[in-house]
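Going by this note's numbering, the letters in the sequence shown line up with residues 740 to 960, in that order. For every residue, glycine included, the Cβ atom is placed at its ideal position computed from N, Cα and C. This one's a predicted model, so the numbers in the text were calculated from it and none came from an experiment.
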Amino acid sequence: MRLITSFQAAQWLTFFCCWGVAVGKEPAALERPYELGPLTISEFIGRVEPGSTAQANTATRVRSKFRYSIRRSGRHFEAKITSITLFTVFLPQDSWWASHASTALLDHEQGHFDIAEINVRKAQLAIAQSKSNGKSMMVTKNSKQEASAAVVAMLDEQLQQVDSQIAADNLEYDRDTRHGLSSPKQSELRRIHQLTLEHLAEELAARNPKTRRLRAKSAPQ
């Protein structure tokens, strides 16, 4: 975790952090942001899992950049998240492509990446809605160190929930499409992914025009 500390008015401390979903793990040396566009086969550089019957594996992770502030309130310290941005990354070194895999499978694997991004956008939208309703992510502890650790742990727990939903959605996607072998269902779900991404991007942009416009990926025609 990268941590930068600076003082603000009213004795607030502001922190800027980069955090990954996986507990206890530092950001991977090689990560590929969702915004770079559709995946290519050459980006799957991981070692094929021995004994696996799968033809490919797509690994993703949810990352966050956030700021939180700490202030003293009587004998306690209050830590509150003041801003947060979530984003999706592809992990090339943990993703692999079997030599016998069909190139047609790439759209199915892109679907897994899109599923992660859909959940990230939903989470970002939920955060924006909570903020507009006056709700804040805040904890109160007996020391500055405890407050800092608690607010980061609270955020990490929420990111774990996003990660769990991504895993559940991926399992359902593989089951419904028979791992991409069912062409009609594959095409149907990819169209749904596309429409969902576009809808969420519009909602996020409407809530904050300054927010970066998230790219929606095109489903095959």
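Rounded to the nearest angstrom, what separates residue i and residue j at their Cα positions?
i	j	result
His976	Lys880	No answer is possible for residue 976: the residues shown for the chain start at 740 and end at 960.
Ser808	Thr824	16 angstroms
Leu845	Gly813	57 angstroms
Asn947	Ile866	12 angstroms
Leu894	Val859	14 angstroms
Ala837	Glu941	37 angstroms
Ala906	Thr779	22 angstroms
Arg930	Thr797	20 angstroms
Ala888	Ser882	10 angstroms
Asn909	Arg811	43 angstroms
Ala840	Leu934	28 angstroms
Ala795	Arg917	13 angstroms
Gly1021	Ser791	Only positions 740 to 960 of the chain appear in this structure, which leaves residue 1021 out of reach.
Ala892	Ala793	35 angstroms
Ala945	Asp913	33 angstroms
Pro789	Glu911	24 angstroms
Lys870	Ala886	20 angstroms
Met876	Leu775	31 angstroms
Starting from the C-beta of residue i, find all residues in its chain whose C-beta is less than 7 angstroms away, skip the five residues before and the five after it, and write them out in chain order.
i	result
Pro772	Phe826 and Val828
Gly919	Leu844, His847 and Gln925
Lys874	none
Val878	Ala818, Ala886, Ala889, Val890 and Met893
Name the two residues that bound the continuous beta strand (DSSP E) containing residue i.
i	result
Val828	His815 to Phe829
Arg806	Thr799 to Ser812
Met877	Met877 to Lys880
What residue range is occupied by the uninterrupted alpha helix (DSSP H) comprising residue i?
i	result
Met893	Lys883 to Thr916
Ile866	Leu844 to Ser871
Thr935	Ser922 to Arg946
Keeping to the same chain, check which residues put their C-beta closer than 8 angstroms to that of residue i; ignore five residues upstream and five downstream.
i	result
Glu782	Arg771, Phe829, Pro831 and Ser834
Asp710	A query on residue 710 cannot be resolved here, the shown segment of the chain reaching from 740 to 960 and no further.
Thr842	Ile780
Asn872	none
Report back the beta-carbon spacing between residue i and residue j to the nearest angstrom; my notes put them in contact at under 8 angstroms.
i	j	result
Val901	Val801	6 angstroms
Gln863	Leu943	6 angstroms
For residue i, which of the options has the nearest alpha-carbon?
i	options	result
Val890	Asn909, Thr779 and Ala818	Ala818
Leu769	Thr842, Thr799 and Glu896	Thr799
Leu939	Ser803, Lys861 and Lys804	Lys861
Ser803	Ala886, Gly873 and Gln899	Gln899
What residues in its chain sit with their C-beta under 6 angstroms from that of residue i, if we drop five residues either side in the sequence?
i	result
Gln897	none
Gln904	Asn858
At a Cβ threshold of 8 angstroms, is residue i touching chain D?
i	result
Leu844	Protein chain content of the structure displayed is limited to a single chain, and chain D is not contained in it.
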